[in-house]
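Colleague:
Residue numbers (this note's numbering): 36 to 992.
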């Protein structure tokens, strides 16, 4: 199923820039297609209901010239949330197989660069019903004063749904009703996720051992059927219990197989056993056989927490966890720490010395370190102290302290790391301790290496060398600015030889780099450091990169090419070219903005380039200079463009505006080309007969003898004395001509949801609401608003404005009638205009009543609103009549405007509206109307209800 929404933007008065140019206006929403439900909420926003997995189509139809660009965005349902990062630019938003998480508020934004962009929102409510889950919980409690125990069972039924589900409990095929069975309670628990209902069986009876069914329903909304789940309760029902075949932690070598078995020791019904992994899905090599999980040839990526769960929906699931650890060992490093108490940086006799050894391993605490001196094992003594885990070093570091160093302690020491009983190879590092083999490092940047220049996109090498010292530690590179990262998004990069190589250098890599000696694989002393500056050079950055320049022939043209940035900043050359050929000119000042002036003639139209160079490269500003006119812009909002002709033919009124007509030579006409299936049917020139196009003013041309019901491609190009502009193209389609509604003697009592073709004005603050006595809010304000419609029946509808929160004083709501075309009828003989009678009932009861205005909106080049009738304040508890004559000068609408008073007791209502041709007939009753401009108060008449298509005709013929 596909569901459609059409967002229709109503037209507005043209802007001062011209008759044909106007901005997108505030939106209206018209529903088209099938939907589960469509309604307006209390803040005048349309809510669209759709079933999960159906296809949602939101269509945004907008009026405006030039044709607006449509953008769709979404929030998750809160007005405070920002638009999505990736909006969709299209008139139609299609979401296939919509999911519940895709519900929310969708925005359609239309913008054409004229005035303020129009934005309209629509809320999508996704309906769904999951299969319910039924779990059983048991309690046994002592009963005082008796020799028996009371056994209570709770059947908990949980479901996720939208809208909220209704629950039905059955024992076998019999409906369970709490009022008819003292042994059961049915209630909704607090603090539960999803929707939950509990069936409590008190002091179990023999008949309570049966099949129980939980049935959930959303009352067939969106044709979603009921769902149910059944559980058989017996005297053997028991929760699951499990035990594992292994310890809580399993440590293995890479490549080994691991078998984990989860044995069910009790539980009825028989539990279902499943395995899961904390890192997500089970490894691809994993094999599950019943309650056994087999991990074949494990790798370090397979390590993690594996969970065994047994579920039979009785009590809580039984769970056991196994931590699988895969041994790894790498990167064995050492440190030489001179006597820290003496601030020493070298080996000295008679002072202490510490040798440290660290390996990166998993599990870290299972690593075994062994120390050797000249290949002989080292044991604790008064002069040699072994520390299995040195508290002054990183966790998992082993140290050998040499106390009061003597000449006998000068030797080669070895540190060996391994996992006892593991197949992982041991790692070894040798440390030569002698007065000549250990000295502090000296870090230096080679001459000329303090600043490294590189062209953008090239490769740079930053060098920091240890020129003296033993042993020589690695060099660590980082950015001097803390917030900046090294390549590959790292904070620090290690280089064994001190050479940092950077590829594909960009300008954001420019800056200072710090090089430091590493605190490992050498002396553990104050770190040496230096800095290297990276200077990234790039060609000049120019503005504009491309510009389309239009001038009249024989006018002076000035082209400017601004240099925004350049590294190096000194320019070496500036040259101008026309159509690829060098323009000979005096050498320009390299310190000034490049500029070229010339008189435009038919012979020197073309492409101009300004090429600006520095020592790195050349950049270009390109100008397309011509006297060619700008494109025309089709007008897509022409009312009733189709006229039916004889012989199954039709004509089409094509309208357009000319973009910047004064920018180039005078436009004398247009070439029009009509094609069908890419074959030209007609090509001719439209002569403007000396009248120049004006900015924003519509130009019309009627295309005749088109065949019903075919569509055609129309191409249009402006013509000047010297050149022809580019063609623009559009498709024109046959459609049945629109017929304006005609007034009649039928009363609009708002009994139909289409409210007789009335529409809400989206430029106001809030909307009128349709309701009757049966749909009234029971918590509504009691001292305002009508009890029933004008006829006094509870079923009858009327339109009203709600003055309660969030409305504030001065908020306006406007209700628009369909558009009437006065040219479709004739006035009385001898009169210039056709008279109409407008009549209605109004209800204004309450101490905070504001104002009800009735306006006449006449359509012409611009819409004009005139207040014809107004009433303010409390008018009593009854419905009142009002009526008056109008004689509009063109197509018109009647506007009912309700204005909220100072507080909440200010509801205003209208009912039984009619418009008839001819003047109102005099009646005995006196109309309670206040007329503006001296109009007469006349009796009520009525009018014909109109289809929703009336909303689409928003402009005069």
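By construction, the Cβ of each residue, glycine as well, lies at the ideal position given by its N, Cα and C atoms.
All values derive from a computational prediction rather than experimental measurement.
Classify residue 544 as helix, strand or coil using the three-state DSSP reduction.
Modeller: Residue 544: helix per DSSP, three-state reduction.
Colleague: Classify residue 156: buried if its beta carbon has 16 or more other beta carbons within 10 angstroms, exposed otherwise.
Modeller: Buried, since its Cβ has 16 or more Cβ neighbours within 10 Å.
Colleague: How is residue 438 classed by DSSP in three states: helix, strand or coil?
Modeller: Looking at residue 438 - three-state DSSP - the assignment turns out to be coil, as it is neither helix nor strand.
Colleague: With residue 104 as the anchor, note down where its beta strand (DSSP E) starts and where it stops.
Modeller: Note, residue 104: beta strand (DSSP E), 104 to 110.
Colleague: Hey, quick one: how far does the beta strand (DSSP E) through residue 757 stretch, first residue to last?
Modeller: From DSSP, residue 757 is part of no beta strand (DSSP E); its letter is neither H nor E.
Colleague: Short check: CB of residue 628 to CB of residue 580, under 9 Å?
Modeller: Not a contact, by the Cβ cut-off of 9 Å.
Colleague: Using only CA atoms, which one of 235, 598, 147, 870 lies nearest to residue 97?
Modeller: Comparing Cα-Cα distances from residue 97 to each of 235, 598, 147, 870, the minimum goes to 147.
Colleague: Whose CA, out of 510, 536, 87, 633, lies closest to the CA of residue 522?
Modeller: The option with the nearest alpha carbon to residue 522 is 536.
Colleague: Could you tell me the distance, in whole angstroms, from the CA atom of residue 262 to the CA atom of residue 281?
Modeller: Cα-Cα distance, rounded: 41 Å.
Colleague: Using a Cβ-Cβ cut-off of 6 Å (strictly less than) and excluding sequence neighbours within five positions of residue 657, which residues of its own chain qualify?
Modeller: 581, 644.
Colleague: Taking only the alpha-carbon atoms, compute the straight-line gap between residue 342 and residue 357 and give it to the nearest angstrom.
Modeller: Going by the C-alpha atoms only, they are around 6 Å apart.
Colleague: Checking 9 Å against the spacing of the C-beta atoms, do residue 308 and residue 326 come in under that value?
Modeller: Yes, these two residues count as a Cβ contact at 9 Å.
Colleague: Beta-carbon within less than 6 Å of residue 436's beta-carbon, same chain only, minus the 5 sequence neighbours each way: which residues are those?
Modeller: Here the set comprises 389, 420.
Colleague: Quick one: grab the DSSP three-state call for residue 251.
Modeller: DSSP places residue 251 in strand when its eight states are reduced to three.
Colleague: Reducing DSSP to helix, strand and coil, say where residue 385 ends up.
Modeller: Residue 385: coil per DSSP, three-state reduction.
Colleague: Rounding to the nearest angstrom, what Cα-Cα distance links residue 740 and residue 768 in this structure?
Modeller: Those two C-alpha atoms are separated by around 13 Å.
Colleague: According to DSSP, residue 944 sits in a beta bridge with which residue or residues?
Modeller: Residue 944 pairs with 835, 878.
Colleague: Is the beta carbon of residue 667 sitting closer than 9 Å to the one on residue 752?
Modeller: Taking 9 Å as the Cβ cut-off, residue 667 and residue 752 qualify as a contacting pair.
Colleague: Can you give me the start and stop residues for the beta strand (DSSP E) that residue 165 sits inside?
Modeller: Element bounds for residue 165: n/a, residue is neither H nor E.
Colleague: Is it a yes or a no for the segment 229 to 246 touching the segment 204 to 212, going by three-plus beta-carbon pairs under 8 Å?
Modeller: Verdict: yes, contact present.
Colleague: Taking the C-alpha atoms as reference points, what is the distance between residue 701 and residue 630?
Modeller: Roughly 28 Å between the two C-alpha positions.
Colleague: Please report whether the beta-carbon of residue 535 lies at a distance below 9 Å from any beta-carbon of chain C.
Modeller: Judged by its chain identifiers, the structure shown contains no chain C, having just a single protein chain.
Colleague: How about residue 703 and residue 689: are their beta carbons less than 9 Å apart?
Modeller: No; because the gap between Cβ atoms is not below 9 Å, this pair is not in contact.
Colleague: Compare the Cα-Cα distances from residue 220 to each of 198, 230, 191 and report the closest residue.
Modeller: Per the Cα distances, 191.
Colleague: With DSSP as the reference, label residue 194 as helix, strand or coil.
Modeller: Here residue 194 sits in strand by DSSP.
Colleague: Using CA atoms only, rank isn't needed, just tell me which of 257, 335, 287, 681 is closest to residue 458.
Modeller: Cα-wise, what sits closest to residue 458 is 287.
Colleague: In terms of alpha-carbon separation, which member of 717, 294, 596 lies closest to residue 632?
Modeller: Here the closest residue by C-alpha is 596.
Colleague: What three-state label does DSSP hand residue 691 in the structure shown?
Modeller: Reduced to three states, the DSSP call for residue 691 is strand.
Colleague: May I ask which residues mark the beginning and end of the beta strand (DSSP E) holding residue 631?
Modeller: From DSSP, the beta strand (DSSP E) with residue 631 extends over 630 to 634.
Colleague: Less than 7 Å between C-beta atoms, sequence neighbours within five positions excluded: which residues of the same chain meet that for residue 879?
Modeller: 887, 906, 909, 910, 943.
Colleague: List in chain order: all unbroken alpha helix (DSSP H) runs of 4+ residues lying wholly within the segment 550 to 577.
Modeller: If we require 4 residues or more, the segment 550 to 577 turns out to have no alpha helix (DSSP H) run fully inside it.
Colleague: Alpha carbon to alpha carbon, how far is residue 733 from residue 94? Give it in angstroms, no decimals.
Modeller: Roughly 27 Å separates the two Cα atoms.
Colleague: Taking the beta strand (DSSP E) that residue 655 falls in, what are its first and last residues?
Modeller: Looking at the DSSP string, the run of the beta strand (DSSP E) that includes residue 655 is 653 to 661.
Colleague: Do residue 294 and residue 328 come within 9 Å of each other at the CB atom, strictly closer than that value?
Modeller: Taking 9 Å as the Cβ cut-off, residue 328 and residue 294 qualify as a contacting pair.
Colleague: With three or more beta-carbon pairs closer than 8 Å as the criterion, would you say the segment 400 to 411 touches the segment 497 to 506?
Modeller: With the cut-off at 8 Å, the segment 400 to 411 and the segment 497 to 506 do not touch.
Colleague: Touch check for the segment 536 to 549 and the segment 450 to 464: three-plus C-beta pairs under 8 Å?
Modeller: Segments in contact, no.
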